[in-house]
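Structure, as structure tokens:
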Amino acid sequence: MARDSKASREKILAIAISMFARKGFDGARMDGIAKEANVNKALIYYYFKSKSMILEEIFKTFDQEASTLVSGFFQDQIDLTDTNWIRSFFDTYMDFLEDRKDILRIMITESLKSNDAEPPIFGFLKVLFQQESTDALINTMKQQGYALDDQKEQILVTEFFTDIIPIISYIVFKDKWSRFFDIDKQKLKDLFFEAYKSTHIAYHLSQTPDKITG
64 MARDSKASRE KILAIAISMF ARKGFDGARM DGIAKEANVN KALIYYYFKS KSMILEEIFK
124 TFDQEASTLV SGFFQDQIDL TDTNWIRSFF DTYMDFLEDR KDILRIMITE SLKSNDAEPP
184 IFGFLKVLFQ QESTDALINT MKQQGYALDD QKEQILVTEF FTDIIPIISY IVFKDKWSRF
244 FDIDKQKLKD LFFEAYKSTH IAYHLSQTPD KITG
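Numbering (this note's numbering), first residue to last: 64 to 277.
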């Protein structure tokens, strides 16, 4: 019974993600989620008291999974002069986000709303760079000679505007870009990686003039 209950809950969340991505959170209806999930609407309300609670659960799970992924890299030896290390991080990060691109679409749409609610994408940023992770990143990079004294605010700004936003934009637009500009998806990914190195990675390397990318 517990296994069936978990499966039903996960199915509801999966259908909700798909519907929110296609119709927008405001355009989706609980009736529609129930119909596509082939469950009684009462069952949805058994797990989630409202549509907003479904959205909160989607973002909460996403943030937890992202935090686990990135904190693992922060704990490893960071070497921004090693193109192989950068590519390994890049590919793992991109694969993770690619598997969750519908959630990214929902996150961007909800973040762009003109209301007083905290943009979900800021929550994503806070989870990725929670105090412990940021301190670990700073300490590791200081040990490698990067000039990062008291630059936590600078790191947040840099990571958000030259890492998180460009990467999410790439994930949500890459398929349409590939079709519109008739470019192979792997080639597009490689070109984006080069752009990522020459912008985001180059900024970090600029903190130590003696370090250059591979």
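Don't be surprised by glycine CBs; every beta carbon is placed ideally from N, CA and C.
Secondary structure at residue 168: helix, using DSSP grouped into helix, strand and coil. Between residue 165 and residue 71, the C-beta spacing is not below 8 Å. Between residue 231 and residue 171, the C-beta gap is smaller than 8 Å, which places the two residues in contact. The Cβ-Cβ distance between residue 160 and residue 234 falls below 8 Å. The residue among 89, 108, 90 and 88 with its C-alpha nearest the C-alpha of residue 97 is 108.
If you check the CB distance, residue 224 and residue 183 do not come in under 8 Å. Judged by DSSP in its simplified three-state form, residue 246 adopts coil rather than helix or strand. Residue state for residue 102 is assigned as coil, using DSSP reduced to three classes. Two segments are said to touch when three or more pairs of C-beta atoms, one from each, lie closer than 8 Å; by this definition the region 112-127 touches the region 174-189. A Cβ-Cβ separation of about 5 Å places residue 100 in contact with residue 75 under the 8 Å criterion. Residue burial is scored here from C-beta neighbours: residue 143 has at least 16 other C-beta atoms within 10 angstroms and is therefore classed as buried.
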